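All residue numbers for the sequence shown refer to our numbering, where the first residue is 738 and numbers rise by one.
Note that the Cβ used here is the ideal one computed from N, Cα and C, for glycine as well.
The structure displayed is predicted, hence computed values, not measured ones.
Worksheet: one structure, shown below.
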Amino acid sequence: MNWTDTLDIAIALDEAHPDVDPQWVRFTDLHGWVCALAEFDDDPEGSTEKILEAIQMAWIDERD
């Protein structure tokens, strides 16, 4: 997975953190959780606030 795979990342995060409400996740935590995903294989420095926001929104949508 890469930073642009927002839906795949959101699904993986939902599976890895089922008890977390994605609406309240700080971007610093979100960044760390994405980088810790086994399927994630991109530059950890390649994220931006816009990308993290897109991942968070996809995760919220996935949860609904």
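With 16 other CB atoms within 10 Å as the buried threshold, where does LEU767 fall? buried
Would a C-beta distance cut-off of 8 Å place ASN739 and ASP798 closer than the cut-off? no
Quick one: which unbroken alpha helix (DSSP H) runs of 4-plus residues sit fully inside the segment 742–786? Chain order, please. 743–753 and 764–773
Out of GLU790, PRO781 and PRO759, state which residue places its alpha-carbon closest to the alpha-carbon of GLY769. PRO781
On a CA-only basis, which of GLU776, ALA747 and CYS772 is nearest PRO784? Give me that one, please. In the sequence on display, residue 784 carries Ser and not Pro. Checking every option, the nearest Cα to that of SER784 belongs to CYS772.
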